[in-house]
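First the structure, in the form of structure tokens, and then the observations on it.
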Amino acid sequence: MSARQPGAAKHSQAMFFQQRAGDKVRNPVLQQALQKARPLFVGKRAKGVAALAEDGLDGERLRDACAEIRHRALADLDVWLTLFEERALATGAEVLWARDGEEAAALVVALARQHGVRKVVKSKSMLSEEMHLNAALEAAGIQPVETDLGEYIVQLAGETPSHIIAPAVHKTLGEVEALFAENHGRPQKPRNSADIPEMTREARGVLREHFLSAEMGVSGANFLIAESGTAALVTNEGNGRMVTTLPPLHVVVTGIEKVIPTLEDFATLMRMLPRSATGQSISNYVSLLTGTRRSGEHDGPQKTVFILVDNGRADLLGSDYQDMLRCIRCGACMNHCPVYFSLGGHAYGWVYPGPMGSVLTPLYTGIENALDLPQATTGCNQCGSVCPVRIPLPKLMHRLRETQVERGLRPLGEGLAFKAWGWLARQPRLYRLFSRIAARYLGWLSDPAPSGSRGGRRIRIFGLAPGWTVGRDLPVPPGPTFHERYAARKRV
Amino acid sequence: MRVALYVTCLVDLMRPEVGFAALQLLERAGCTVVVPEGQTCCGQPAASAGQRAIAVGLAKKAVAELEGYEHVVVPSGSCAEHICNGYPQLLADEPAWAARAQAVAAATRELSQFLAETGADFVPDGDFSGSVTYHDSCKGLRGLGIKQQPRELLARLPGLKLQEMPECEECCGFGGAFSVNYGEVSTRIVDRKCESIAGVGADVVAGGDLGCLLNIEGRLRRRGDETTRVLHFAEILAGEAVK
Chain A
746 MSARQPGAAK HSQAMFFQQR AGDKVRNPVL QQALQKARPL FVGKRAKGVA
796 ALAEDGLDGE RLRDACAEIR HRALADLDVW LTLFEERALA TGAEVLWARD
846 GEEAAALVVA LARQHGVRKV VKSKSMLSEE MHLNAALEAA GIQPVETDLG
896 EYIVQLAGET PSHIIAPAVH KTLGEVEALF AENHGRPQKP RNSADIPEMT
946 REARGVLREH FLSAEMGVSG ANFLIAESGT AALVTNEGNG RMVTTLPPLH
996 VVVTGIEKVI PTLEDFATLM RMLPRSATGQ SISNYVSLLT GTRRSGEHDG
1046 PQKTVFILVD NGRADLLGSD YQDMLRCIRC GACMNHCPVY FSLGGHAYGW
1096 VYPGPMGSVL TPLYTGIENA LDLPQATTGC NQCGSVCPVR IPLPKLMHRL
1146 RETQVERGLR PLGEGLAFKA WGWLARQPRL YRLFSRIAAR YLGWLSDPAP
1196 SGSRGGRRIR IFGLAPGWTV GRDLPVPPGP TFHERYAARK RV
Chain B
389 MRVALYVTCL VDLMRPEVGF AALQLLERAG CTVVVPEGQT CCGQPAASAG
439 QRAIAVGLAK KAVAELEGYE HVVVPSGSCA EHICNGYPQL LADEPAWAAR
489 AQAVAAATRE LSQFLAETGA DFVPDGDFSG SVTYHDSCKG LRGLGIKQQP
539 RELLARLPGL KLQEMPECEE CCGFGGAFSV NYGEVSTRIV DRKCESIAGV
589 GADVVAGGDL GCLLNIEGRL RRRGDETTRV LHFAEILAGE AVK
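Chains A and B, in that order, give the protein sequences.
For what it's worth, this note's numbering labels the leading residue of the first sequence as 746, then goes sequentially.
For what it's worth, this note's numbering labels the leading residue of the second sequence as 389, then goes sequentially.
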């Protein structure tokens, strides 16, 4: 891969992960929101996947099938993209290509200007976050309105999504109420979860006006289906239907890796995508958008434009990281990630959080600009074991760590310490001596257990590894090392 | 049956009792146990940190030490996982080493795997009585499929009552260097584990990986829990726990 400095890097805060992570861990409101959401996500997926058996389907074999479809699409990506373009053109749509996010945003702005657009309604799209589309539209004097409820909340708060399928998961009900009161021009009320339907209706009323007055709709696509030139959209709130059918102009922005060969492939992937994301057997809405309004039809856009965006994806083809392009953006990896649910998505500093973000952010914004992300993992593989397309996420994070070492991006002291330790570990006699001294040193640093404790001696502040004792004691060894005692035993 | 016991560096330094418990259990199961002399560390920390060259060096050292034994037994899921899954990958491109790494990997078992596979009628010495909740460590569980083996072995102690905690398969937040480099995040994760443990209220938290156990014990003590004991399953099976 090239060592170019991608344009995306300038918007990334991923280099400040350590500071951000500390802030997030110590934020009780955020922790409350995350603690509430985590078991719901995990429980719903588990139930959804278990229910596959009712349809006589084996979840593990289905994961194999989904991985294979995505792999097959990526193996001949150029072929499927060319076919998609050909078929989409035949339906009357336009197809544009963008090298990066900036170019893609400029194309959207140009289309809006060309058609005299003053307001754009948007259905949820993470790629549009890569493009900083809202900022680009605002700079051109065009009003973007997010219409996914979570995205709408995030937009009112002036924030970015903290989760790829639940953008406002970091917000508590109280915070949402304060935003709605302020922006909908009404006094704040005390709220509990029973009020959620009423608050949703309130947002719906506001959004309805926007749907009816916008001249342009922007959506993403969960998949592009090559054989029919179709954009597939998987949604739950119905806003996607409004965005893609009410305004006269519909623009689909999506990454080039989203193409799949056939409608049958789509049917297979749909067995896994909603179950992995929300546990649903199928989402409330599944839209297959093909072409424009034909004569005699009453709805649909008069013009459909696909903008297919690279923004770093083509560089991954044929690289050690190609498997990452299989991702179908279900969010299961972050939903099962202990690190994600300790921090929320904003700690990660760029568009994509969680395990998939810890792989994508360095790859799309520069490995040197996101050094912490592939390190900030316990290696538990809870992500890899739920990924519907079997992306080996821990392995890819590991490969990124190797690349950091190869490129000299790790602290000098760390490399030297590993070298010294690696050498020592190959000199057994010296190593024995060293561990004997270490055992005594740890004992010397330690305090006795308090009276009545069933635990042992422990170190409360450990200068050599202060990160450990920031929140934990270090239980210390009771005396001589194993090998010391074993050698003594053999001599007897 | 001749068995090589690979003690692991963490057990050697931090909890030698686990090594002796493993030794005792293997002998009790009828094995002739050898502790290969030069063993130090399997190299997993270096591999995990992306220090491939150092990891390769330590992998070769361990392969040379451990090859030739019919069985290699490791009282740690993560070290065993590194030997079984990591070594063949690290040495795949070196023709002189690839087959040797695979042979050592094929001979290597984590302790509960080995005891469950070879000693169906094996009765442990331990006379532990009380309740135990079991934490499934990630590498053993998701890397080697260790789940039922330690539970089945513990169930052979008549006085032991297994009380499963919610989310026993959830990571404890240890992650090796992660626990030091991202101490606050790691603490937040292990806090949730401690809440699960507190909720079930067992006398003992048991597991098969010392790193996780030190992490959990360290956090429990810092939270002021001085009564819940944190033990390797081998310590319970061998009867060390009652001492």
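Beta carbons: idealized from backbone N, C-alpha and C, even for Gly.
Here the structure is a predicted model, which is why all the values come from computation and not from measurement.
Could you tell me whether any Cβ in chain A is nearer than 8 Å to the Cβ of B/GLU614?
-> yes
Counting contacts by CB-CB distance shorter than 8 Å, is A/ASP1218 in contact with chain B?
-> Closer than 8 Å: yes.
Range covered by the alpha helix (DSSP H) that runs through B/ILE604 = Per DSSP, B/ILE604 belongs to the alpha helix (DSSP H) from 598-610.
How should B/LYS581 be labelled, buried or exposed, when 16 other C-beta atoms within 10 angstroms of its C-beta is the threshold for buried?
-> buried
Check the Cβ of A/LYS1164 against every Cβ in chain B and list those closer than 8 Å, keeping chain order.
-> ILE442
Within-8 Å CB hit, B/VAL391 to chain A = no
Are the C-beta of A/ARG1146 and some C-beta of chain B separated by less than 8 Å?
-> yes
Taking DSSP as the reference, what is the three-state secondary structure of A/PRO980?
-> It is Thr, not Pro, that sits at residue 980 of chain A in the sequence shown. If DSSP states are grouped into helix, strand and coil, A/THR980 belongs with the strands.
Under 9 Å by beta carbon: chain B residues contacting A/VAL770 = GLU572, VAL573, THR575 and ARG576
With a CB to CB cut of under 6 Å and the five nearest residues on each side skipped, what residues in its chain are close to A/ARG765?
-> Here the set comprises ALA1092.
Answer yes or no: do A/GLN1149 and B/GLY438 have a C-beta to C-beta separation smaller than 8 Å?
-> Closer than 8 Å, so yes.
Beta-carbon of A/ALA1233 versus every beta-carbon of chain B: anything under 8 Å?
-> no
CA-CA distance, A/GLU904 and A/HIS955?
-> Using only the alpha carbons, I get a separation of about 20 Å.
Between the Cα of B/GLY563 and those of B/CYS526, B/ARG611 and B/SER519, spot the shortest distance and give me the residue it belongs to.
-> It is B/CYS526.
Would you say B/ARG607 and A/GLY1216 are within 8 Å of each other, going by their C-beta atoms?
-> yes
Return the bridge partner residues of B/SER519 from the DSSP annotation.
-> B/LYS549
Where the beta strand (DSSP E) through A/TRP842 begins and ends | 839-843
Out of B/LEU393, B/GLN477, B/VAL423 and B/VAL592, state which residue places its alpha-carbon closest to the alpha-carbon of B/LYS549.
-> When each option's Cα is compared against that of B/LYS549, the closest is B/VAL592.
In terms of residue numbering, what span does the alpha helix (DSSP H) encompassing A/VAL774 cover?
-> 773-795
In terms of residues, what are the limits of the alpha helix (DSSP H) holding A/VAL914?
-> Careful: A/VAL914 lies outside any alpha helix (DSSP H) and carries neither H nor E.
Go ahead and pull the three-state DSSP assignment for B/GLY438.
-> coil
Contact under 8 Å by Cβ, B/THR496 with B/VAL462 | yes
Top-ranked residue by Cα proximity to B/ALA410, from B/LEU393, B/GLY533, B/ALA594 and B/THR615 | Nearest to B/ALA410 by alpha-carbon distance, out of B/LEU393, B/GLY533, B/ALA594 and B/THR615, is B/LEU393.
Cβ-based burial, B/ALA441 [other Cβ within 10 Å; buried from 16] | By the neighbour-count criterion, in which a residue is buried when 16 or more other Cβ atoms sit within 10 angstroms of its Cβ, B/ALA441 is exposed.
Classification of A/PRO1139 by the beta-carbon crowding that lies within 10 angstroms, buried from 16 upward = buried
Does A/ARG808 have its Cβ less than 8 Å from a Cβ in chain B?
-> Answer no: the Cβ-Cβ gap between A/ARG808 and chain B never drops below 8 Å.
Going along the chain, which residues of the segment 1108-1131 of chain A sit with their C-beta nearer than 7 Å to a C-beta in chain B?
-> GLN1120, ALA1121, THR1122, THR1123, GLY1124, CYS1125, ASN1126, GLN1127 and SER1130
DSSP three-state call for A/LEU1033: helix, strand or coil?
-> strand
Using the rule of at least 16 other Cβ atoms within 10 Å of the residue's Cβ for burial, across every protein chain shown, is A/GLY1158 buried or exposed?
-> exposed
Please list the partners that A/ARG1203 has in chain B, where partner means a Cβ-to-Cβ separation under 9 Å.
-> GLU605, GLY606, ARG609 and ARG610
Go ahead and label A/ARG1071 buried or exposed: buried means 16 or more other beta carbons lie within 10 angstroms of its beta carbon, across all protein chains shown.
-> A/ARG1071 should be labelled buried.
What residues match up with A/ASP1192 in a beta bridge as DSSP calls it?
-> A/ARG1203
Using three-state DSSP, classify A/ALA885 as helix, strand or coil.
-> Here A/ALA885 sits in coil by DSSP.
Going by beta carbon distance, what residues of the same chain come within less than 7 Å of B/PHE566, once the five residues before and after it are set aside?
-> SER574
For A/ASP1010, the nearest candidate out of A/LEU991, A/SER964, A/ALA1165 and A/ILE814 (CA to CA) = Of the candidates A/LEU991, A/SER964, A/ALA1165 and A/ILE814, A/ILE814 places its Cα closest to the Cα of A/ASP1010.
Answer with buried or exposed for B/GLY571, where buried requires no fewer than 16 other C-beta atoms within 10 angstroms of its C-beta.
-> buried
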